[in-house]
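Under the numbering used here, read the sequence shown as residues 760 to 939, first letter to last. For reference, the structure discussed in these notes is given below.
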Amino acid sequence: WSLLSDTAMRRLETVNTPREPNMEVMPGAVVFCDISGFTKFIEASNNAEESTVIINKLLSLVVRLAYHCEGDVLKFAGDAVLVLFSGGGEDHAALAFRAVAFGMKLQEIMENYNTTELEMHLGVGVGNVSSLHVGGLANRWEHVVAGPVLAQIRCVDLALAGQVCVSFEVFQHIEQHVEF
């Protein structure tokens, strides 16, 4: 099967047949969900089929929770998933809360569900997101999300396994409402 994100579907609905690249800017929060211990897990595994089943279950868990929390799975990048929270007329603060709540719930589920050494670490950013359809050669189009919010999710590198790291911009929206 293939995955076409809701964001890409909305963009395609507004442009019947893209004939040229187009872009929409919208408020959004992005969560980068990265599996920790993936390489070690694969190297230690003696059963490729079993490893594939475990990884697929883990990624399916992320996808199901993202949709339950009204997030949009944009991309799979190796052992990572990129989730966007946007739409509904919400401001950056509300989107930041939704994204962080998703991340915290994902970590809670991982702690209770996961029976392997696989864990996740997450990075959360918030701001304006550019949704683009680019390409066109041979009528092939790619949906791309861009903007400063994607630089913010690099904070994932600061998160240890089992942690959710938020960018400074996210922190500014949630600091008065979260106990540290």
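Note that beta-carbon positions come from the ideal geometry of N, C-alpha and C, so glycine has one too.
Sixteen is the threshold: since fewer than 16 other Cβ atoms of the shown chains lie within 10 Å of the Cβ of F835, the residue is exposed. Under the DSSP assignment, P780 falls outside any beta strand (DSSP E); it carries neither an H nor an E label. Taking 3 residues as the minimum length, the beta strand (DSSP E) runs contained wholly in the segment 774 to 849 are 781 to 795, 831 to 836 and 839 to 845, in order along the chain. For D831 and A825, the gap between their C-alpha atoms comes out near 6 Å.
Closest in alpha carbon position to I813, among C828, E829 and G796, is G796. Annotation: the continuous beta strand (DSSP E) that includes H892 extends over E878 to G894. Here V937 carries a coil assignment [DSSP, helix/strand/coil]. Under the three-state reduction of DSSP, A852 is assigned to helix. Annotated as proximal: A839 and F791, with beta-carbon spacing under 9 Å. Buried is the label assigned to H880, since at least 16 other Cβ atoms lie within 10 Å of its Cβ. Distances from the alpha-carbon of T875 to those of S810, A788 and V885 put S810 closest. When DSSP states are grouped into helix, strand and coil, A905 belongs to the strand group.
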